[in-house]
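Notes to accompany the following structure.
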Amino acid sequence: MNSRLKETIEALIFVSQDPLSLERMQVLLEGVPGEDIRAAVDELAGDYSAGDRGIHIVRGGGGYLFATKPAFDRDVRRLLQIERKNKLTSASLETLAAIAYHQPVTQSEISAIRGVDSTYTLKTLLEKKLIKIVGRKKAPGNPLVYRTSEQFLLYLGLNSLDELPSEEEMSRILQEEKPADA
Amino acid sequence: MNSRLKETIEALIFVSQDPLSLERMQVLLEGVPGEDIRAAVDELAGDYSAGDRGIHIVRGGGGYLFATKPAFDRDVRRLLQIERKNKLTSASLETLAAIAYHQPVTQSEISAIRGVDSTYTLKTLLEKKLIKIVGRKKAPGNPLVYRTSEQFLLYLGLNSLDELPSEEEMSRILQEEKPADA
Amino acid sequence: MTEGPALPQDPVEPPMDAVPAAGPSDGYQVRLEIFEGPLDLLLFLIRKKKIDIHDIPIAAITRHYLEYLGKKEQINLDREAEFLFVAALLIYIKSQMLLPRETDLAEQDDPRRVLVNRLLEYQKIKAACSLLREKEEDQLLQWKRHFLPPLPGESDLDVVELSLFELAESFFVLMKRRAADSTRIIRGRDVTIEVKMKELVGLLRERRMIDFLEYFTAHESLEEALVSFFCVLELVKTRVAVAVQDELFQTIRVWLRKDPPRQVAHE
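Residue numbers (numbering that gives the first Met the number 0), protein chains in the order written: chain A, 0 to 181; chain B, 0 to 181; chain C, 0 to 266.
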């Protein structure tokens with residue numbers, strides 16, 4: 000293993016503002032074979048997760064980035080003087096899920112899926128940049144069309160939309176929820 | 000050596016936006032003797048500088064912070080150049096939006112709209128040639144007046160400013176606060 | 000203002016994402032607020048009554064649903080409209096199933112099919128939500144850096160990529176932040192069923208057809224909107240008007256029958 004390669008990648012992931020993808024690394028490290036890069040990244044991530052470390056490398060948003068380990072959440076919050084990170088409201092999460100599975104999608108389509116007017120929630124999600132407007136639908140009124148953003152993937156620690164919970168996972172949940180009693 | 004302490008400090012230095020001072024650490028890690036903290040920081044810094052690492056802990060600005068090692072300066076610059084090229088900061092984007100919709104407009108008007116001093120962002124946008132100075136306002140101090148540039152339209156693929164999303168389209172998104180659905 | 004038979008052990012609102020617990024006796028003494036919407040309530044009832052979602056006894060579920068709405072202690076009027084809207088749809092489906100149909104209306108179609116499809120889809124979204132919630136909780140414990148590490152010197156940056164919608168979005172958000180301060184006062188006018196009925200029939204005569212959702216949401220106050228909602232129900236019930244929907248939860252188009260029974264003409 001070329002340790003210089005691993006070091007370079009460590010520096011790059013550290014400094015990158017967005018999750019650093021393997022493709023981007025390959026462009027930057029021209030001439031280095033893709034599998035070498037991949038191996039170096041894996042080894043680097045392994046070093047961090049195995050050792051007694053306060054930070055590690057996580058995958059999300061289609062790339063790699065540094066994050067603090069969960070165990071230090073309390074300490075970090077003290078430093079940053081943040082009470083605790085707010086979870087999304089269930090309305091927001093529901094709207095987000097509806098968009099994630101049906102994108103590209105319009106406001107009225109989302110509202111129809113939820114059975115609830117979702118204008119306000121959409122606004123909130125736009126502000127949080129978890130969704131984005133990607134254009135207009137060629138339909139009466141030319142409604143705006145929404146998609147989930149890169150930030151959304153990162154927020155949930157997903158690499159791509161393919162990693163959204165699958166049909167099987169969902170039906171497993173539904174199976175569990177079936178009440179045994181009355 | 001308490002390895003948990005070292006890990007915690009690693010996480011704290013990583014997330015801290017400013018160099019993290021020993022004093023600050025001591026406040027955060029209440030009860031931990033100063034010399035233990037000091038020893039943990041030294042050991043942590045030693046780990047990074049000794050190993051084959053792309054990043055290390057440096058002292059500066061009255062505290063400790065992570066930085067990439069100088070050897071990777073070239074790689075890092077390449078990465079950032081690509082990344083930054085692709086992106087306007089959200090401050091720039093916000094300022095640009097304020098100008099686009101309110102032009103012709105002065106610096107103090109923009110700052111008022113954003114609620115934030117926008118002098119620096121204006122400079123950046125001028126450098127990127129996304130806005131231009133079109134004259135001075137006949138008002139106390141004769142402030143400069145800004146407009147978006149041809150380049151701005153070009154980037155957005157617009158033929159004219161009339162093609163910007165309209166007030167009505169905006170208000171459709173902004174309308175109707177429905178906190179019940181938040 | 001709380002006058003329902005509130006149970007002593009149910010003083011606090013359960014967490015938003017919890018499945019509402021049934022109280023003792025047969026009553027489900029939960030508040031409407033804990034449901035994300037009418038579909039959520041429907042799913043709750045289906046589960047609670049051990050109903051096969053693929054074969055919903057529509058008359059029974061409609062009764063449970065209405066019973067439920069009647070039991071609510073405290074409701075948010077904005078949300079109630081959505082619950083009532085679905086109540087109307089249930090009644091509509093029920094009537095479709097009960098009444099002998101004219102032959103030319105797609106007879107092979109089970110009127111419940113669209114509702115079931117929606118419920119199944121919504122159920123999937125709910126299941127996905129609980130999985131996504133776990134992921135969220137996991138991520139919230141890990142902190143990423145949101146600042147750029149300091150760099151020596153700035154290079155010249157000329158090119159940018161800019162999206163129209165990104166730009167517009169920023170502006171919306173900016174304006175919204177400002178608008179947050181200003182309060183909006185909603186004033187409604189008192190309106191009686193009679194007046195509204197007259198207005199509605201007049202409108203139907205004039206325009207021949209109205210988009211009900213559009214009409215509904217154009218009202219200044221919810222109270223007024225609800226009155227008109229009941230007027231439409233009344234008109235449909237008395238067979239003065241016909242309401243048709245292309246897709247469930249989309250909108251309902253209402254128009255007058257060509258030969259309305261004379262006695263209901265509010266003129």
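Ideal Cβ positions, reconstructed from N, Cα and C, are used throughout, including at glycine.
Query raised in the report: Of all the options 227/C, 253/C, 226/C, which has the alpha carbon lying nearest to the alpha carbon of residue 238/C?
Result: Comparing alpha-carbon positions, the option among 227/C, 253/C, 226/C lying closest to residue 238/C turns out to be 253/C.
Report task. Can you grab the Cα-Cα spacing for the pair residue 87/C / residue 36/C, in whole Å? Result -> A straight line joining the alpha-carbon of residue 87/C with that of residue 36/C spans about 15 Å.
Query raised in the report: Buried or exposed: residue 56/C, going by 16 or more other Cβ atoms within 10 Å of its Cβ?
Result: Around the Cβ of residue 56/C, a 10 Å sphere holds fewer than 16 other Cβ atoms; the residue is exposed.
Query - Collapsed DSSP secondary structure at residue 113/C in the structure displayed - result: Residue 113/C: helix per DSSP, three-state reduction.
Query raised in the report: Whose C-alpha, out of 149/A, 155/A, 127/A, 121/A, is nearest the C-alpha of residue 143/A?
Result: The shortest CA-to-CA distance from residue 143/A to any of 149/A, 155/A, 127/A, 121/A is the one to 121/A.
Report task. Please list the partners that residue 14/B has in chain C, where partner means a Cβ-to-Cβ separation under 7 Å. Result -> In chain order: 142, 144.
**Report entry** Short CB-CB distance (under 8 Å) between residue 72/A and chain F
**Finding:** No chain F is part of this structure, whose protein chains are labelled A, B and C.
Query raised in the report: Name the chain B residues that come within less than 9 Å of residue 149/A, Cβ to Cβ?
Result: Residues of chain B passing the Cβ test: none, with the nearest at roughly 11 Å.
**Report entry** Runs of beta strand (DSSP E) lying entirely within the stretch 30-109 of chain B, each at least 3 residues, in chain order
**Finding:** Whole beta strand (DSSP E) segments, 3+ residues: 54-59, 62-67.
Report task. Kindly list the residues whose CB is nearer than 7 Å to the CB of residue 65/C, restricted to its own chain and excluding five residues on each side of it in sequence; keep chain order. Result -> Correct list, in chain order: 86.
Query - Span of the beta strand (DSSP E) around residue 131/B - result: That run of the beta strand (DSSP E) goes 130-135.
Report task. Determine the extent of the beta strand (DSSP E) in which residue 210/C is found, giving its start and end residues. Result -> Looking at the DSSP string, the run of the beta strand (DSSP E) that includes residue 210/C is 208-210.
Query raised in the report: By a C-beta neighbour count over all protein chains shown, 10 Å radius and 16 as the cutoff for buried, is residue 157/C buried or exposed?
Result: Legend: pLDDT at residue 157/C = 42, less than 50; position of this residue unreliable, value from coordinates given subsequently. Label assigned to residue 157/C: exposed.
Report task. Find the residues of chain A that neighbour residue 249/B, judging by a C-beta separation of less than 8 Å, and give them in chain order. Result -> Outside the displayed span of chain B (0 to 181) sits residue 249/B, for which this structure offers no information.
Query raised in the report: Whose CA, out of 206/C, 207/C, 84/C, 230/C, lies closest to the CA of residue 197/C?
Result: For residue 197/C, the nearest C-alpha among the options comes from 230/C.
Query raised in the report: Looking at the structure shown, is residue 255/C part of a helix, part of a strand, or coil, going by DSSP?
Result: Per DSSP, reduced to three states, the secondary structure at residue 255/C is strand.
Report task. Return the residues of the stretch 105-126 of chain C that lie within a Cβ-Cβ distance of less than 8 Å from chain A, sorted by chain order. Result -> Under the 8 Å Cβ criterion, the stretch 105-126 of chain C contributes 117, 120, 121, 122, 123, 124, 125, 126.
Query - First and last residue of the uninterrupted alpha helix (DSSP H) at residue 23/B - result: Element bounds for residue 23/B: 21-27.
Query raised in the report: Using a beta-carbon distance below 8 Å, is residue 93/B in contact with chain A?
Result: Contact of residue 93/B with chain A is not assigned, every C-beta pair being separated by 8 Å or more.
Report task. Excluding the 5 residues preceding and the 5 following residue 164/A in the sequence, name in chain order all residues of the same chain whose CB lies nearer than 7 Å to its CB. Result -> If we look at residue 164/A and ignore the five residues flanking it on each side, it has no Cβ neighbours.
**Report entry** Of the listed residues 141/B, 128/B, 161/B, nearest to residue 151/B (C-alpha basis)
**Finding:** Taking only the C-alpha atoms, the option nearest residue 151/B is 128/B.
Report task. Excluding the 5 residues preceding and the 5 following residue 55/B in the sequence, name in chain order all residues of the same chain whose CB lies nearer than 6 Å to its CB. Result -> Counting only Cβ-Cβ distances below 6 Å, and skipping sequence neighbours, we find 47, 48, 68.
Query raised in the report: At a Cβ threshold of 8 Å, is residue 168/A touching chain C?
Result: So, interface residue.
Query raised in the report: Does residue 109/A come within less than 8 Å of chain C when only Cβ atoms are used?
Result: The Cβ of residue 109/A sits no closer than 8 Å to any Cβ of chain C.
**Report entry** Partners in chain A for residue 137/C, counting only beta-carbon separations shorter than 7 Å
**Finding:** The contacting residues are 156.
Query - Span separating the alpha-carbon of residue 104/B from that of residue 115/A - result: Using only the alpha carbons, I get a separation of about 40 Å.
Query raised in the report: Can you name the residues of chain B whose CB is closer than 8 Å to the CB of residue 75/A?
Result: Those within 8 Å of residue 75/A in chain B are 10, 11, 14.
Query raised in the report: What residues from chain A crowd round residue 79/B, counting only those whose CB sits closer than 9 Å?
Result: In chain order: 14, 15, 16.
Query raised in the report: Taking 8 Å as the CB-CB cut-off, is residue 137/A touching chain B?
Result: By this cut-off, residue 137/A is not an interface position.
Query raised in the report: At a CB-CB cut-off below 7 Å, which residues of chain A make contact with residue 2/B?
Result: Residues of chain A whose Cβ lies closer than 7 Å to the Cβ of residue 2/B are, in chain order, 51.
Query raised in the report: Mind checking whether residue 106/B and residue 146/B have CB atoms under 8 Å apart?
Result: No, Cβ-Cβ distance for residue 106/B and residue 146/B is not below 8 Å.
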